[in-house]
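**Student:** In my numbering, the protein residues as written are 146 to 287.
Cβ atoms here follow ideal geometry from the backbone N, Cα and C, with glycine treated the same way.
Encoded as structure tokens, here's the structure I'll be asking about.
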Amino acid sequence: LSGGPLGIMQAVMDNIVPYIHERKQFGQAIGEFQLLQGKVADMYTMQQAVKSFAYTVAKNLDNLGDKHARHVRKDCAALILMAAEKATWMASEGIQIFGGNGYINEYPLGRLWRDAKLYEIGAGTSEIRRMLIGRELFAETM
146 LSGGPLGIMQ
156 AVMDNIVPYI
166 HERKQFGQAI
176 GEFQLLQGKV
186 ADMYTMQQAV
196 KSFAYTVAKN
206 LDNLGDKHAR
216 HVRKDCAALI
226 LMAAEKATWM
236 ASEGIQIFGG
246 NGYINEYPLG
256 RLWRDAKLYE
266 IGAGTSEIRR
276 MLIGRELFAE
286 TM
């Protein structure tokens, strides 16, 4: 379930990077503005953090095998939680970068946001994932 949000994050980046070169304001590409560069840097950094977390959880699952998968159950829930919420955040930031164009259907950012939001709701809500993580952490410390 975390692969979908990671794909959405990549799609957001694939859309905004060319756009910040093409879109001009005040006679220059919007990508030249420091505030926008900071926003894009934050988005890239979050995408890489989620991707790294996904590889770590996958490696742990591979190393433990199926019969010990419950030991990483909270990590799986945490990964899905983080990936879903950060994909929604990235799509929202992408809409912000696109301005009014991010809101209209001619650009995919609105659809990407809706798709990302579904990962927070479908197959277990973010709140359910938080509950599962908290329950596992509590049980581990007893």
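Just to confirm before moving on: does the CB-CB distance between residue 222 and residue 278 stay below 9 Å?
**Tutor:** Yes.
**Student:** What did DSSP end up calling residue 228 once you bin it into helix, strand or coil?
**Tutor:** It is helical.
**Student:** When you compare only the Cα positions, how much space is there between residue 261 and residue 230?
**Tutor:** Taking the straight line from one Cα to the other gives about 8 Å.
**Student:** For the alpha helix (DSSP H) containing residue 164, name the first residue and the last one.
**Tutor:** It spans 148-167 - the alpha helix (DSSP H) in which residue 164 sits, taken as one unbroken run.
**Student:** Once you ignore the five residues that flank residue 168 on each side, which residues in its own chain have a CB closer than 6 Å to its CB?
**Tutor:** So the list reads 175, once near-sequence residues are dropped.
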